[in-house]
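Trainee:
Residue numbers (my numbering): 1127 to 1199.
Now the structure itself:
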(Lines of atoms letter the chains of each structure in order from A and count residues from 1; the text may use other names and numbers.)
(Lines give C-alpha, C1' and ligand atoms only; values in the text may rest on other atoms or scores of the structure.)
Protein backbone atom coordinates (compact mmCIF):
# COMPACT_ATOMS: atom_id res chain seq x y z
CA UNK A 1 0.00 0.00 0.00
CA UNK A 2 1.33 3.40 -0.97
CA UNK A 3 -0.22 6.60 0.35
CA UNK A 4 0.62 9.74 -1.57
CA UNK A 5 -0.41 13.35 -1.06
CA UNK A 6 -0.41 15.71 -4.03
CA UNK A 7 1.15 18.83 -2.54
CA UNK A 8 -0.33 21.04 -5.25
CA UNK A 9 -3.89 20.03 -4.33
CA UNK A 10 -3.51 19.88 -0.52
CA UNK A 11 -4.83 22.95 1.32
CA UNK A 12 -3.85 21.73 4.78
CA UNK A 13 -7.44 21.42 6.04
CA UNK A 14 -6.32 18.56 8.34
CA UNK A 15 -9.49 16.54 7.72
CA UNK A 16 -7.35 13.48 6.97
CA UNK A 17 -5.41 13.99 10.21
CA UNK A 18 -8.66 14.17 12.18
CA UNK A 19 -10.41 11.18 10.58
CA UNK A 20 -7.52 8.71 10.50
CA UNK A 21 -8.04 6.09 13.25
CA UNK A 22 -4.34 5.14 13.28
CA UNK A 23 -2.64 8.59 13.21
CA UNK A 24 -0.94 7.97 9.88
CA UNK A 25 -0.91 11.70 9.01
CA UNK A 26 0.55 14.77 10.67
CA UNK A 27 0.75 18.47 9.91
CA UNK A 28 4.11 19.14 8.30
CA UNK A 29 6.66 21.19 10.14
CA UNK A 30 7.12 24.28 8.01
CA UNK A 31 6.47 22.80 4.57
CA UNK A 32 4.16 24.81 2.33
CA UNK A 33 3.08 24.41 -1.28
CA UNK A 34 3.27 26.98 -4.08
CA UNK A 35 -0.10 28.41 -3.05
CA UNK A 36 1.11 29.02 0.51
CA UNK A 37 -0.84 26.24 2.22
CA UNK A 38 0.70 24.23 5.03
CA UNK A 39 0.94 20.59 4.03
CA UNK A 40 0.07 17.25 5.57
CA UNK A 41 2.63 14.43 5.65
CA UNK A 42 2.37 10.66 5.87
CA UNK A 43 4.42 9.91 8.98
CA UNK A 44 3.35 6.36 9.88
CA UNK A 45 2.40 4.50 6.68
CA UNK A 46 2.96 1.16 8.41
CA UNK A 47 0.00 1.89 10.71
CA UNK A 48 -2.46 2.24 7.82
CA UNK A 49 -5.36 -0.24 7.96
CA UNK A 50 -6.55 0.60 4.42
CA UNK A 51 -9.90 2.02 5.52
CA UNK A 52 -9.51 4.81 2.92
CA UNK A 53 -11.37 7.33 5.08
CA UNK A 54 -8.66 9.89 4.36
CA UNK A 55 -9.03 9.46 0.62
CA UNK A 56 -12.81 9.77 0.81
CA UNK A 57 -12.92 12.82 3.10
CA UNK A 58 -10.29 14.92 1.30
CA UNK A 59 -12.23 17.79 -0.33
CA UNK A 60 -9.40 18.49 -2.77
CA UNK A 61 -8.72 14.91 -3.93
CA UNK A 62 -5.12 15.31 -2.76
CA UNK A 63 -4.78 11.83 -1.23
CA UNK A 64 -4.22 8.77 -3.37
CA UNK A 65 -3.92 5.24 -2.05
CA UNK A 66 -2.53 2.56 -4.32
CA UNK A 67 -2.04 -1.11 -3.69
CA UNK A 68 1.56 -2.11 -4.23
CA UNK A 69 1.79 -4.85 -6.82
CA UNK A 70 3.54 -7.98 -5.71
CA UNK A 71 6.51 -9.04 -7.78
CA UNK A 72 5.53 -11.85 -10.09
CA UNK A 73 8.14 -14.54 -10.52
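Glycine is no exception: its CB is placed at the ideal position from the N, C-alpha and C atoms. Note that this is a predicted model, so its numbers are computed, not measured.
1. By the 10 Å Cβ neighbour count, where 16 or more other Cβ atoms means buried, how is residue 1156 classified, buried or exposed?
2. Determine, using beta carbons only, whether residue 1189 and residue 1177 come nearer to each other than 8 Å.
3. For residue 1165 versus residue 1138, is the C-beta spacing smaller than 8 Å?
4. In this structure, does DSSP put residue 1169 in helix, strand or coil?
5. For residue 1149, report the span of its beta strand (DSSP E) as first-last.
6. What's the gap between the Cα of residue 1175 and the Cα of residue 1162?
Mentor: Let me spell this out:
1. By the neighbour-count definition (other C-beta atoms within 10 Å, threshold 16), residue 1156 is an exposed residue.
2. no
3. yes
4. coil
5. Note, residue 1149: premise wrong, no beta strand (DSSP E); not H, not E.
6. Taken atom to atom, the span from the alpha-carbon of residue 1175 to that of residue 1162 is near 31 Å.
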